[in-house]
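One structure below.
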Amino acid sequence: MAYYRRVGEVPRQRHTQLRDEHGALRSEELMGEEGFSSDSSLLYHRGVPSAIVASEVWDLPDQALTPNHPLTPRHLRLPDLVPADVTGVDAVTGRRLVLGNADVHLSYVVAAADSPLYRNALGDECVFVEAGSGVVETVFGVVPYRAGDFVVVPRATTHRWRPDAASGPSRLYAVESASHVAPPKRYLSRYGQLLEHAPYCERDLHGPTEPLLAGAGEPASDVEVLVRHRTSAGIVGTRMTYATHPFDVVGWDGCLYPYTFNVEDYMPITGKVHQPPPVHQVFEGAGFVVCAFLPRKVDYHPLAVPVPYYHSNVDSDEVMFYVAGDYEARKGSGIGVGSVTLHPGGHAHGPQPAAVEASLGAEAFDETAVMVDTFRPLELGEAGRAVDDGAYAWSWAGRRL
8 MAYYRRVGEV PRQRHTQLRD EHGALRSEEL MGEEGFSSDS SLLYHRGVPS AIVASEVWDL
68 PDQALTPNHP LTPRHLRLPD LVPADVTGVD AVTGRRLVLG NADVHLSYVV AAADSPLYRN
128 ALGDECVFVE AGSGVVETVF GVVPYRAGDF VVVPRATTHR WRPDAASGPS RLYAVESASH
188 VAPPKRYLSR YGQLLEHAPY CERDLHGPTE PLLAGAGEPA SDVEVLVRHR TSAGIVGTRM
248 TYATHPFDVV GWDGCLYPYT FNVEDYMPIT GKVHQPPPVH QVFEGAGFVV CAFLPRKVDY
308 HPLAVPVPYY HSNVDSDEVM FYVAGDYEAR KGSGIGVGSV TLHPGGHAHG PQPAAVEASL
368 GAEAFDETAV MVDTFRPLEL GEAGRAVDDG AYAWSWAGRR L
């Protein structure tokens, strides 16, 4: 995110000495993307960020993927994944894999417990908060979150999720990228500023405002961090133990940091006739995009058909997560809040037949959904296989041979 911030104590010039009140030298860490060729931040630690004392295998939850074969559109009921008691479930180890490919994994968890310290070394995470609130504590500081937030955590950021018990469990839909996540390039000036035609601006992005230093109740040494990374065998996990607590950053500055963006601050783009999904785009990554469909006024041409036309996205798979409201195009299909649909490339999809006539004359839609379009085929994770309704594919025809 090329938007400069400065938090806490930093020296006047980069790569120069910063000492504490006793004369001890701080450790400067450059956290940067694409080698030294893209966004970065400089962090100043009390300890040495490289000082590990142990490295052991962390057994990840099931990461296996099953091809969507024979090719089938699917309806996945995410509420069926939620256990009766989520008291001990956290936002990291409790995630269950719904769909994925080499570019992105889509996971879901309902979490009530604090997570372990965690670092995703594969790519950025963009986590949508379906419900609940809390904070994400990071080496950059604290990022509060609430329902409707996208929480963007850059690759290799040490952090942990702490749901607020008063707001109930946090329902989190995690877009785990194998790349970086950023605003679409068409929204940005050549220098990185969000432009006037963009549906949001820098005022809507909320990052840490002060350092977070480990305090009372935190271990001073031998601190475990769970790291998700990749080997030739696929995605794996490592439990790294650090000599000092990672939350020892007294200050940082730069253009790389975690932040939140709430869908309430997204300004939907509408038109005289139905607008295509790119007008709803929020973020992009390598091999995928993230869009948000929100309550809005709809088409005002006298003969407009407000629901989407049937379409074949020949280069992509489409995943829709239905968050709130009444999604007009899916009426009569069994889709409800908490549902996910997969519309794979190679299959023309669109509204349920009865929904087309029913939408005529509508002036507004009350719906909230998060869409991820991928440019490689998606496969089913263990959670996706577990909650497939088995009937959605035949809903347009109303029967099955």
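Following my numbering, the numbering of the sequence shown begins with 8 at its first residue and continues without gaps.
Glycine included, each C-beta is placed from N, C-alpha and C at the ideal position.
Residue i - containing beta strand (DSSP E), residue span
| i | result |
| --- | --- |
| Val64 | 59-65 |
| Val188 | That residue, Val188, is in no beta strand (DSSP E); it is neither H nor E in DSSP. |
| Arg159 | Note on residue identity: the sequence assigns Val, not Arg, to residue 159. Note, Val159: beta strand (DSSP E), 156-160. |
| Leu349 | 346-350 |
| Cys133 | 132-138 |
| Met38 | 34-39 |
| Asp380 | 374-381 |
Short Cβ contact (8 Å threshold) for residue i with residue j
| i | j | result |
| --- | --- | --- |
| Leu85 | Ser346 | yes |
| His308 | Lys279 | yes |
| Ser48 | Trp259 | yes |
| Val142 | Arg169 | yes |
| Leu298 | Met378 | First, the residue type needs correcting, since residue 298 is Cys and not Leu in the sequence shown. Yes, they are a contact pair. |
| Tyr249 | Val232 | yes |
| Thr164 | Phe295 | no |
| Val138 | Gly95 | Note that residue 138 corresponds to Ala in the displayed sequence, not to Val. Not closer than 8 Å, so no. |
| Leu106 | Gly388 | yes |
Selected residue, minimal CA-CA separation from residue i, among the options
| i | options | result |
| --- | --- | --- |
| Pro285 | Glu325, His308, Asn269 | Glu325 |
| Tyr329 | Tyr198, Tyr180, Pro283, Gly148 | Tyr180 |
| Leu37 | Asp27, Arg26, Val17 | Val17 |
| Ile342 | Leu83, Ala58, Glu41, Gln70 | Leu83 |
| Thr216 | Phe147, Pro313, Ser323, Pro90 | Phe147 |
| Arg53 | Val64, Asp211, Leu220 | Leu220 |
| Pro226 | Gly214, His252, Ala120, Glu63 | His252 |
| Val188 | Val143, Leu129, Pro74 | Leu129 |
| Tyr125 | Lys192, Cys208, Gly101, Thr277 | Gly101 |
| Asn108 | Asn320, Ser62, Asn75 | Asn75 |
| Ser323 | Arg383, Thr348, Gln282 | Arg383 |
| His112 | Arg19, Gly175, Leu349, Gln70 | Gln70 |
| Ala400 | Ser340, Glu386, Ala362 | Ser340 |
Residue range of the unbroken alpha helix (DSSP H) whose run includes residue i
| i | result |
| --- | --- |
| Glu389 | 389-393 |
| Ser366 | 360-366 |
Inter-residue Cα distance where the pair is residue i and residue j
| i | j | result |
| --- | --- | --- |
| Val182 | Val134 | 6 Å |
| Pro151 | Ser140 | 8 Å |
| Gly184 | His29 | Before going on, a small fix: residue 184 reads as Ser here, not Gly. Taking the straight line from one Cα to the other gives about 42 Å. |
| Glu132 | Trp403 | 34 Å |
| Phe254 | Ala223 | 12 Å |
| Ser366 | Ala311 | 10 Å |
| Val99 | Tyr264 | 19 Å |
| Ser122 | Asp97 | 5 Å |
| Val60 | Val394 | 41 Å |
| Gly241 | Leu72 | 11 Å |
| Gly155 | Tyr273 | 11 Å |
| Ser186 | Val160 | 12 Å |
| Tyr316 | Gln359 | 10 Å |
| Arg81 | Ala390 | 13 Å |
| Asp92 | Val116 | 13 Å |
| Arg162 | Phe43 | 15 Å |
| Ser34 | Val136 | 34 Å |
| Thr375 | Ala205 | 19 Å |
| Asp229 | Ser62 | 11 Å |
| His213 | Leu201 | 15 Å |
| Tyr266 | Leu78 | 37 Å |
| Ser196 | Gln288 | 17 Å |
| Ala293 | Pro191 | 11 Å |
| Gly405 | Asn320 | 23 Å |
Closer than 8 Å to chain D by CB, residue i
| i | result |
| --- | --- |
| Gly139 | Checking the listed chains, one finds no chain D in this structure; it contains a single protein chain. |
Worksheet item: Given 8 Å as the limit, is there contact between the region 361-380 and the region 297-309, that is, 3 or more CB pairs closer than that?
Response: yes
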